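Heads up: the structure comes next, in structure tokens.
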Amino acid sequence: MIPRACILALAIATLASPPPDPLFIDAARVTGLDFTHVNGASGRYYIAEEMGAGVALFDYDSDGDLDVFLVQGGPLVPGRASLQAGQGGEASLQAGQGSEASLKAGPTSRLFRNDLTRDANGKPRVHFTDVTAQAGVGLRGYGMGAAVGDYDNDGDLDLFVTTFGPDTLFRNNGNGTFTDVTASAGVSDDLWSTSATFFDYDRDGDLDLFVANYLDFTLAGNKACVDSLGAPDYCGPRLYEPVPDKLYRNDGGRFTNVTDAAGLTKAYGAGLGVVAGDFNHDGWLDLYVANDARPNQLWINRHDGTFIDEGLLSGSAVNAAGNPEGSMGIASGDFDNDGDEDLLITNILGETFVLYRNDGHGVFEDVRAATGIGAATGGMTGFGTAWLDYDNDGWLDLFVANGAVNTIESQRGQTSPLKMKNQLFRNDGAGRFADVSAVAGPPFERADVGRGAAFGDIDNDGDIDIVVTANGGPVQLLLNQNATGHHWLELALRQGSGNRFGVGARVGVERSGKPALWGRVHTDGSYLSSSDVRLHFGLGDAATISGVIVEWPDGTRERWSDVPVDRLVELTQGKGLK
Numbered sequence: 015m016i017p018r019a020c021i022l023a024l025a026i027a028t029l030a031s032p033p034p035d036p037l038f039i040d041a042a043r044v045t046g047l048d049f050t051h052v053n054g055a056s057g058r059y060y061i062a063e064e065m066g067a068g069v070a071l072f073d074y075d076s077d078g079d080l081d082v083f084l085v086q087g088g089p090l091v092p093g094r095a096s097l098q099a100g101q102g103g104e105a106s107l108q109a110g111q112g113s114e115a116s117l118k119a120g121p122t123s124r125l126f127r128n129d130l131t132r133d134a135n136g137k138p139r140v141h142f143t144d145v146t147a148q149a150g151v152g153l154r155g156y157g158m159g160a161a162v163g164d165y166d167n168d169g170d171l172d173l174f175v176t177t178f179g180p181d182t183l184f185r186n187n188g189n190g191t192f193t194d195v196t197a198s199a200g201v202s203d204d205l206w207s208t209s210a211t212f213f214d215y216d217r218d219g220d221l222d223l224f225v226a227n228y229l230d231f232t233l234a235g236n237k238a239c240v241d242s243l244g245a246p247d248y249c250g251p252r253l254y255e256p257v258p259d260k261l262y263r264n265d266g267g268r269f270t271n272v273t274d275a276a277g278l279t280k281a282y283g284a285g286l287g288v289v290a291g292d293f294n295h296d297g298w299l300d301l302y303v304a305n306d307a308r309p310n311q312l313w314i315n316r317h318d319g320t321f322i323d324e325g326l327l328s329g330s331a332v333n334a335a336g337n338p339e340g341s342m343g344i345a346s347g348d349f350d351n352d353g354d355e356d357l358l359i360t361n362i363l364g365e366t367f368v369l370y371r372n373d374g375h376g377v378f379e380d381v382r383a384a385t386g387i388g389a390a391t392g393g394m395t396g397f398g399t400a401w402l403d404y405d406n407d408g409w410l411d412l413f414v415a416n417g418a419v420n421t422i423e424s425q426r427g428q429t430s431p432l433k434m435k436n437q438l439f440r441n442d443g444a445g446r447f448a449d450v451s452a453v454a455g456p457p458f459e460r461a462d463v464g465r466g467a468a469f470g471d472i473d474n475d476g477d478i479d480i481v482v483t484a485n486g487g488p489v490q491l492l493l494n495q496n497a498t499g500h501h502w503l504e505l506a507l508r509q510g511s512g513n514r515f516g517v518g519a520r521v522g523v524e525r526s527g528k529p530a531l532w533g534r535v536h537t538d539g540s541y542l543s544s545s546d547v548r549l550h551f552g553l554g555d556a557a558t559i560s561g562v563i564v565e566w567p568d569g570t571r572e573r574w575s576d577v578p579v580d581r582l583v584e585l586t587q588g589k590g591l592k
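Structure (structure tokens):
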């Protein structure tokens, strides 16, 4: 028997011990990332009010650090139009849903420049400056999402913004400003657009554009719905008809709508999430679309400009009972380190999130139960998500931003009774995930209406940080406090002409005595959001690697040896060994 004195001493020592350092801290306020989303909720329960909004992480000024673009909503009132701030801050009228009069005031989407510095000890100091006005991206409209890509192949990243109403394409001028080129580029669309992706589906060297569209919903056609107690609540998507997605082929900087010619109108649902990847490993980029309450689609690229939906055939369209789920966000990556791209899809409360393991040929197995993901997510509604190796141990972990879409009974009577906590799952390397949210830090103790999430190394310290948006709430900047001491490698790909950032390239990091780590250069996925185009690999205890393999989007392959770790390395096409 342990003496009582020893027990008391142990208890006192335990109480006196400092708590463990958090895995993440919310640094939005202290770094100047001052933004609150406005959903325009007015008691009419328009379904659009609860869906936004997203965020983009990209280096718009090419200074080596990640800047933040945050998509804004605003008043959602019948008879009003959306306004877009052009060059010089002038506002030009855009026809919105049922618009009649101009809206000359209200919140705008915002661009924050990252002015990253280091102190005397080399520690990074993040500070954001609002450059919306000088950059010319102060979009006034009911914003949804953002996609990033260098569509004109001039070496800087451009910005596409989706809205409940007209979309906008901003061309990066390379001098800190943007120009609205929507009309001249041929991507004007008044459908309710959500997530989008730039990707080179025809392998011609420029980035094409896919836009997911949601529902045929107008303010005038709003339906009245109630919850289980008869109180007003948001309607589900099944009460409205879905609208087709759009595929735009890039023809040298101007886009051509090829949706029908590509076969994409043969099946469509209420699209909310999209990611491009080579899911059947044939060297051509495919598309996976998450649809709300309708079967998801796996559009397999047929190499001739057309696609075929193999969602049902592949096992990734519906659940085991044959029912579609309320799908929103997508994480695409190789969680089991077997060299192919697996899919995590967030779903609505009660359905659980689904993890589809790829067999390497585009056939998927639902492993939500076997991996522990299902049991941990049944009480959540998920949106923004991604695979990320937050602890740099060489295994992809998972983050999910959660927030309800219907009244949570325990929050009834609150202003926004849709709040949930975000989740962080650690990959144990043996096919199981542990929910470590409880020890991940204060940001995971806070309940909010989580929506968009974007991922990247914001402070350039070798680990992945996260920007999370909240519907009707403030943005969070989750800075990773990784203290494992594990090694890492970040890669920036460069092509001399065409597709300058190598979007779509497949990259493998060779390790001695272990399988290679594979990743794909992409900014899409998650929900309404765009992430860092640079690749990040955790290396665990490995202080060296054997080499890096790049399979370029045009089908060529190169290898680099003697690549150093614990730093960002730029790899330029043509400089490696064939």
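Heads up: the sequence shown begins at 15 in my numbering, then just goes up one per residue.
Here a beta-carbon is modelled for each residue, glycine too, at the ideal position from N, C-alpha and C.
All figures in this text were calculated on a predicted structure; none of them were measured in a lab.
query: Assigned secondary structure, residue 456 (DSSP; H/G/I helix, E/B strand, else coil); result: helix
query: Close Cβ partners of residue 101 (< 6 Å) along its chain, the five nearest in sequence each way excluded; result: At residue 101 the pLDDT is 34, less than 50, meaning the model places this residue with poor confidence; the figure from the coordinates comes in the next sentence. Same-chain partners within the cutoff: 150.
query: Per-residue DSSP class, three states only, for residue 355; result: coil
query: Cβ shell of residue 602 (< 6 Å), same chain only, five flanking positions each side left out; result: In this structure the chain extends from 15 to 592, so residue 602 is not present and cannot be described.
query: Contacts around residue 328, its chain only, beta-carbon distance under 6 Å, and the 5 residues preceding and following it disregarded; result: 312, 376, 377, 378
query: Own chain residues within Cβ distance below 7 Å of residue 269, not counting five before or after; result: 199, 200, 201, 223, 262, 263
query: Residue 543 - partner residues in DSSP beta bridges; result: Answer is none; residue 543 lacks a bridge partner.
query: Whether residue 13 touches residue 517 by CB criterion (8 Å); result: Past the boundaries of the shown model lies residue 13; the chain is included only from 15 to 592, so the question cannot be answered.
query: Which of helix, strand or coil DSSP assigns to residue 61; result: helix
query: Residue 327 (DSSP reduced to helix, strand or coil); result: helix
query: Straight-line gap, residue 319 to residue 441 (C-alpha atoms, nearest Å); result: 38 Å
query: Which of helix, strand or coil DSSP assigns to residue 291; result: strand
query: Range of the contiguous alpha helix (DSSP H) that encloses residue 387; result: 387-391
query: Residues of its chain near residue 561, where Cβ-Cβ distance is below 7 Å and the 5 sequence neighbours each way are ignored; result: 524, 573, 574, 575, 577
query: Rounded separation between residue 453 and residue 563 - CA only; result: 36 Å
query: Residue 429, buried or exposed, once every other Cβ within 10 Å from all chains shown has been counted against 16; result: exposed
query: Neighbour-count burial assignment, residue 260, 16 or more Cβ in a 10 Å radius; result: buried
query: Beta-carbon separation (whole angstroms), residue 402 vs residue 41, contact threshold 8 Å; result: With a Cβ gap of about 17 Å, residue 402 and residue 41 do not count as contacting.
query: Rounded C-alpha distance that separates residue 584 from residue 267; result: 26 Å
query: Residue(s) in a DSSP beta bridge with residue 370; result: 357, 380
query: Per DSSP, cross-strand counterpart(s) of residue 548; result: DSSP lists no partner for residue 548.
query: Other residues of its chain near residue 276: CB distance less than 7 Å, five sequence neighbours each side excluded; result: 261, 319, 320, 321
query: Buried/exposed call for residue 163, threshold 16 Cβ in 10 Å; result: buried
query: Inter-residue Cα distance where the pair is residue 354 and residue 206; result: 33 Å
query: CA-to-CA distance, residue 122 to residue 144, given in whole angstroms; result: 12 Å
query: Environment of residue 97 [buried if 16+ CB atoms lie within 10 Å]; result: Its pLDDT being 38, under 50, residue 97 is placed unreliably by the model, and the measurement read from it follows with that caveat. When all chains shown are included, residue 97 counts as buried.
query: Host beta strand (DSSP E) of residue 483 (start-end); result: 479-484
query: Residue 583 - containing beta strand (DSSP E), residue span; result: 582-586
query: Counted within 10 angstroms of its Cβ, other Cβ atoms place residue 424 as buried (16 or more) or exposed; result: exposed
query: Distance CB(residue 496)-CB(residue 404) smaller than 8 Å; result: yes
query: Alpha-carbon spacing of residue 607 relative to residue 70, whole angstroms; result: Outside the shown range of the chain, which is 15 to 592, sits residue 607, and nothing can be said about it.
query: Residue of 295, 302, 299, 284 minimising C-alpha distance to residue 308; result: 284
query: In DSSP terms, what residue 501 is bridged to; result: 554
query: At least three beta-carbon pairs within less than 8 Å, the segment 173-192 to the segment 497-517; result: no
query: Residue 76 classed as buried or exposed, judged by whether at least 16 other C-beta atoms fall within 10 angstroms; result: exposed
query: N-terminal and C-terminal residue of the beta strand (DSSP E) that residue 209 is part of; result: 207-213
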